[in-house]
Ligand code: KG4
Ligand code: ZN
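Residue numbers (this note's numbering): 134 to 476.
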């Protein structure tokens with residue numbers, strides 16, 4: 134009988150300190166996340182220096198809790214998978230150095246994981262992947278359509294040319310005086326309002342799978358300022374609903390076009406904005422009735438940053454023989470295609 138595989142995941146790329154242990158790539162044994170949102174809120178965004186300090190303070194506590202929950206010893210762990218990039222360099226360094234220290238001390242293989250590969254592999258905890266597939270990645274730092282013909286192979290067919298979807302959400306939220314991170318607040322408001330305000334949708338050139346959200350963001354800011362100057366009131370819930378509708382229309386339409394062109398069997402949703410109720414519902418409406426296409430949407434706890442997704446991706450890279458050296462460094466600008474080592 135094949136021995137069970139246990140991968141430890143470590144994630145510190147932004148404002149969540151997370152350690153998880155995943156069995157056979159798909160089963161969560163422990164998944165501990167310490168969020169720093171409260172510390173960054175009063176600054177209206179993540180302060181890199183504060184993030185690094187919190188990671189230093191939290192990592193050992195989170196690690197011990199994960200090991201306790203899993204009821205395992207380091208001798209049971211087959212590999213340690215750590216987010217090596219992209220992200221905040223100081224924050225990444227805490228995870229990378231901790232992972233290296235643990236790997237060295239316990240003689241365990243080390244694996245470097247791209248953060249977005251992790252977000253995509255969060256879906257594998259929900260259901261097994263079917264290739265070829267398309268992942269719609271929408272997070273605070275990324276908006277991408279990623280095509281995968283097999284495990285561990287990533288092709289970015291479209292990406293944002295300016296702001297990421299989450300970034301646009303957070304900036305619009307700030308304009309509406311909502312707390313950081315603004316995405317969930319806009320989402321909640323949007324459910325209460327109606328998309329009555331005409332806002333732009335950036336389709337870009339025909340055939341392009343790229344995105345652009347900065348024009349939409351500016352249009353929202355202008356709408357608010359113009360109304361203020363005229364002494365008019367705009368219902369924030371209607372503005373939130375209109376903004377959300379513009380974002381969703383473009384995301385869903387481009388995904389649907391790519392699904393057709395690339396003839397994929399599965400559509401995965403990934404990243405923090407995947408928690409968005411409106412987006413989840415729109416994708417379900419678009420794809421659920423389509424024969425031959427499975428739509429996978431992770432539970433909310435696996436949409437925002439966590440380490441189970443890093444361990445899940447790490448499990449595949451481990452099986453494919455990928456190993457990092459102890460010289461592994463944090464790489465804030467890491468490209469996801471560096472995982473395509475088999476070519
Ligand atoms: O993936 P993530 O946790 O961190 C990055 O890797 O960037 O994504 C965080 C982003 C933030 O911009 C946050 O506002 C957004 O995800 N977000 C949402 C929702 N929940 C989180 N955006 C829209 N609707 C939501 N419900
Ligand atoms: Zn993320």
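Glycine is no exception: its CB is placed at the ideal position from the N, C-alpha and C atoms.
**OP:** Under 8 angstroms Cβ to Cβ from residue 178, same chain only, skipping five residues before and after it: list those, please.
**Re:** 303 and 313
Original post:
So which of 228, 142, 256 and 244 has the shortest CA-CA distance to residue 400?
Top reply: 256
Subject >> Buried/exposed call for residue 149, threshold 16 Cβ in 10 Å >> reply: buried
**OP:** Go through its chain and collect everything with a Cβ distance to residue 413's Cβ below 6 angstroms, but skip five positions before and after it.
**Re:** For residue 413, same chain residues with a beta-carbon under 6 angstroms away, outside a window of 5 residues either side, are 430 in chain order.
Original post:
If we count Cβ pairs, one from each stretch, closer than 8 angstroms, do we get three or more for the region 178-188 versus the region 208-224?
Top reply: A contact exists between the region 178-188 and the region 208-224.
Original post:
If you draw a straight line from the C-alpha of residue 196 to the C-alpha of residue 244, how long is it?
Top reply: 17 angstroms
**OP:** Give the DSSP-derived three-state secondary structure of residue 231 in the structure shown.
**Re:** helix
Original post:
Which term fits residue 377, buried or exposed, when burial requires 16 or more other beta carbons within 10 angstroms of its beta carbon?
Top reply: By the neighbour-count criterion, in which 16 or more other beta carbons inside 10 Å mark a residue as buried, residue 377 falls on the buried side.
Original post:
For residue 306, which residues of its own chain have a beta-carbon under 6 angstroms away from its beta-carbon, when the five flanking residues on both sides are left out?
Top reply: 315, 318 and 319
**OP:** Keeping to the same chain, check which residues put their C-beta closer than 6 angstroms to that of residue 449; ignore five residues upstream and five downstream.
**Re:** 284 and 285
Subject >> Local conformation of residue 208 per DSSP, three classes >> reply: helix
Original post:
Just how far apart, CA to CA, sit residue 458 and residue 446?
Top reply: 18 angstroms
Original post:
Heavy atom of ligand 2 less than 7 angstroms from the Cβ of residue 438, yes or no?
Top reply: yes
Original post:
Terminal residues of the continuous alpha helix (DSSP H) containing residue 387?
Top reply: 369-395
Subject >> Rounded straight-line distance, which links the Cα of residue 206 to that of residue 278 >> reply: 38 angstroms
**OP:** With distances taken Cα to Cα, identify the nearest neighbour of residue 346 among 334, 356 and 354.
**Re:** 334
Original post:
Around the Cβ of residue 396, are there at least 16 other Cβ atoms within 10 angstroms (buried) or fewer (exposed)?
Top reply: exposed
Original post:
What beta strand (DSSP E) runs, 3 residues minimum, are completely inside the region 280-363?
Top reply: 288-292
**OP:** Tell me, please, which residues DSSP counts as bridged to residue 401.
**Re:** Residue 401 pairs with 268 and 429.
**OP:** Closer than 6 angstroms by C-beta to residue 236: which residues in its own chain qualify, once you throw out the five before and the five after it? Chain order, please.
**Re:** In the same chain as residue 236, and ignoring 5 residues on each side of it, the C-beta atoms closer than 6 angstroms to its own belong to 213 and 243, in chain order.
**OP:** Identify whether residue 140 lies in helix, strand or coil by the three-state DSSP scheme.
**Re:** strand
Original post:
Comparing the CB of residue 272 with every heavy atom of ligand 1, is any distance shorter than 7 angstroms?
Top reply: yes
Original post:
Which residues in the same chain have their Cβ closer than 7 angstroms to the Cβ of residue 232, if we skip the five residues on either side of it in sequence?
Top reply: So the qualifying residues of the chain are 143, 213, 215 and 243.
Subject >> Burial state of residue 476, where buried means 16 or more other Cβ atoms lie within 10 Å >> reply: Reliability fails at residue 476, whose pLDDT of 44 lies under 50, so the model's placement of it is uncertain and no value is given.
Original post:
Count the other CB atoms within 10 Å of the CB of residue 439; is the residue buried (16 or more) or exposed (fewer)?
Top reply: buried
Original post:
Beta carbon of residue 415, beta carbon of residue 367: below 8 angstroms?
Top reply: no
Original post:
What do you get for residue 472, buried or exposed, if any count of 16 or more other CB atoms within 10 angstroms of its CB means buried?
Top reply: buried
Subject >> Rounded Cβ spacing between residue 332 and residue 369 (contact assumed at less than 8 angstroms) >> reply: No, residue 332 and residue 369 are not in contact; Cβ-Cβ is about 14 angstroms, not under 8 angstroms.
Original post:
Sorry if obvious, but does the Cβ on residue 296 come closer than 7 angstroms to a heavy atom of ligand 1?
Top reply: no
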